[in-house]
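Let me begin by presenting the structure, written as structure tokens, before commenting on it.
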Amino acid sequence: SLPTIGLIPGDGIGHEVIPAARRILETVLPGIPLVDLDAGFATFERTGTALPPSTVQVLRDQCQGALFGAVSSPIHKVAGYSSPIVQLRKELDLYANVRPVVNKKAFNASGEQVGCDLVIVRENTECLYVKQERLETDANGESIAFATRQISQRASRRITETALRLAQQRAAARTSGTSLLTVVHKSNVLSVTDGLFRETARAVFAAAGSPTAVKIEDQLVDSMVYRLFRAPDSVDVVVAPNLYGDILSDAAAALAGSLGLVPSANVGPSFVMGEPVHGSAPDIAGKGVANPVAAIRSAGMLLAHLGYADEATRIDQAVETVMARGIATPDVPGGKASTNDVTSAVVAALQA
Ligand code: NAI
Ligand code: MG
42 SLPTIGLIPG
52 DGIGHEVIPA
62 ARRILETVLP
72 GIPLVDLDAG
82 FATFERTGTA
92 LPPSTVQVLR
102 DQCQGALFGA
112 VSSPIHKVAG
122 YSSPIVQLRK
132 ELDLYANVRP
142 VVNKKAFNAS
152 GEQVGCDLVI
162 VRENTECLYV
172 KQERLETDAN
182 GESIAFATRQ
192 ISQRASRRIT
202 ETALRLAQQR
212 AAARTSGTSL
222 LTVVHKSNVL
232 SVTDGLFRET
242 ARAVFAAAGS
252 PTAVKIEDQL
262 VDSMVYRLFR
272 APDSVDVVVA
282 PNLYGDILSD
292 AAAALAGSLG
302 LVPSANVGPS
312 FVMGEPVHGS
322 APDIAGKGVA
332 NPVAAIRSAG
342 MLLAHLGYAD
352 EATRIDQAVE
362 TVMARGIATP
372 DVPGGKASTN
382 DVTSAVVAAL
392 QA
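UniProt numbering puts the first residue of the sequence shown at 42, with every later residue one more than the last.
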């Protein structure tokens, strides 16, 4: 039977791109059970909580996956508010954040159109994001802040296992039969924390029998950013601790041409949540011009992770077809279409 999917639009353009993705899901898997769920800043203002317990419960009890739009987060601290996406990742143990960036037209730093087809696999549960910060006073009576960075063998192992599986799948799908797994760290400076991450990644590779189809390499995080822009075509699968992965995946998104094109999936042992990389875009919300492609591609990733690989491929191909015809929203150079135009064109391509 078909998996049940929770739909969480959130705030702003989430209310435009998630309905677009819904049409695509209903087109490729007619009759798929979809449940509408609340979360976000507007939910917080209405109910006093950004992530109602009922949302988490329905996700846990009834759904195999979810699609999350975006939420608006206030820049100033608002009492009682905390980001529902961070909490959802924790509640559902979504330990891997997978962000593919594919763009045939990506430029390298020499101005050549070399293209890119890469995926950042970001650890999603620890590192500096354990949010153990404290403020003390130094000997001169001035403030000094500390933050704890947690890197565990367990989290490093399972994120590398996810990345290695992906690298093996990509190798198998290519005529070359090979792929490249880049382990990102800064163990020359942080030899204990990043050292553990690096060693654990190496151990996972060895435990898998050092598969010859996958070449493994190290890259320090600072030079990784340089390399992303210098030679995006030299990057394949990247695995990184949380903070480095966060920064690298936003940097990589710049290679895609628009934030409105970049999907992601939050993956756990028993749940997967698709999520466009962009935010709630208050500057264009309500105007009908939000790019639905990131959300549609996220729906495709969601289906791929739930075992519907053919449907996921069909979605990707339909999006490619529509983009190749120049049907795009204004965030894409030359784009003049509305959210609805692009979505209808993808639906038509799926039905063709
Ligand atoms: P943003 O991603 O919302 O927007 C950045 C720029 O990209 C804006 O000019 C926007 O119009 C454009 N853009 C983004 N998505 C687009 C799409 N699908 N189609 C066309 N144009 C698109 O980031 P910003 O402005 O920094 O944040 C706005 C709000 O979103 C904030 O409240 C922030 O906290 C929240 N946010 C939420 C995220 C999430 O829910 N995962 C991630 C990033 C930001
Ligand atoms: Mg980010």
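Beta carbons are placed, not taken as given, at the ideal position from N, Cα and C, and that holds for glycine. The model shown is predicted, which means the values in this text are computed figures rather than measured ones.
- Here the segment 281-299 lies against the segment 260-271, with 3 or more beta-carbon pairs under 8 angstroms apart.
- Taking a contact as a CB-CB distance under 8 angstroms, the pair Asp-277 and Leu-221 counts as one, their CB atoms being some 4 angstroms apart.
- Inter-segment contact for the segment 321-330 and the segment 150-167 is absent: fewer than three beta-carbon pairs are separated by less than 8 angstroms.
- In this structure, the ligand NAI has no non-hydrogen atom nearer than 8 angstroms to the beta-carbon of Glu-132.
- Listed as beta-bridge partners of Gln-191 by DSSP are Cys-168.
- For Ala-350, the enclosing alpha helix (DSSP H) starts and ends at 350-365.
- DSSP places Arg-140 in the uninterrupted beta strand (DSSP E) bounded by 137-144.
- The C-alpha of Thr-241 lies about 39 angstroms from the C-alpha of Ala-120.
- Ser-95 is classed as exposed because its beta carbon has fewer than 16 other beta carbons within 10 Å across all chains shown.
- Bridge partners of Gln-209 according to DSSP: none are assigned.
- In the structure shown, the three-state DSSP call for Leu-347 is coil.
- Rounded to the nearest angstrom, the gap between the Cα atoms of Gln-260 and Pro-141 is 19 angstroms.
- Taken from the Cβ of Glu-183, every heavy atom of the ligand NAI lies 8 angstroms or farther away.
- Short note on Gly-286: C-beta not closer than 8 angstroms to any heavy atom of the ligand NAI.
- Shown here, His-319 sits in coil according to DSSP, grouped into three states, outside any helix or strand.
- Residues Val-388, Leu-391, Gln-392 of the same chain have their beta carbon placed closer than 8 angstroms to that of Thr-68, with the five preceding and five following residues left out of the count.
- The Cβ atoms of Leu-100 and Ala-107 lie closer than 9 angstroms to each other.
- When rounded, the separation of the alpha-carbon atoms in Ser-311 and Cys-157 is 31 angstroms.
- The C-beta distance from Arg-199 to Tyr-136 rounds to 6 angstroms, short enough to fall under 8 angstroms.
- Separation of Ala-295 and Phe-270 (C-alpha to C-alpha, rounded to the nearest whole angstrom) is 9 angstroms.
- Within a 10 Å sphere around the beta-carbon of Ile-116 sit fewer than 16 other beta-carbons, which makes this residue exposed.
- Shown here, His-226 sits in a strand according to DSSP, grouped into three states.
- For Lys-256, the enclosing beta strand (DSSP E) starts and ends at 255-261.
- The beta carbons of Cys-168 and Ile-192 sit closer together than 9 angstroms.
- Excluding five sequence positions before and after Ala-359, the CB atoms of its chain that fall closer than 7 angstroms to its own CB belong to Val-387, Ala-390, Leu-391, given in chain order.
- The straight-line gap separating the alpha-carbon atoms of Lys-172 and Asp-235 is approximately 18 angstroms.
- Following the DSSP letters along the chain, one finds Gly-286 inside the alpha helix (DSSP H) bounded by residues 283-295.
- The residue among Ala-214, Ser-275, Ala-213 with its C-alpha nearest the C-alpha of Thr-223 is Ser-275.
- When the Cα atoms are used, Ile-325 and Thr-380 turn out to be separated by approximately 11 angstroms.
- Secondary structure at Val-308: strand, using DSSP grouped into helix, strand and coil.
- Placement of the Cβ of Thr-370 at a distance of less than 8 angstroms from at least one heavy atom of the ligand NAI is found.
- A distance criterion of 8 angstroms places the beta-carbon of Phe-270 beyond contact range of the ligand NAI, judged by its closest non-hydrogen atom.
- In terms of side-chain proximity, the C-beta atom of Phe-312 is found no nearer than 8 angstroms to any non-hydrogen atom of the ligand NAI.
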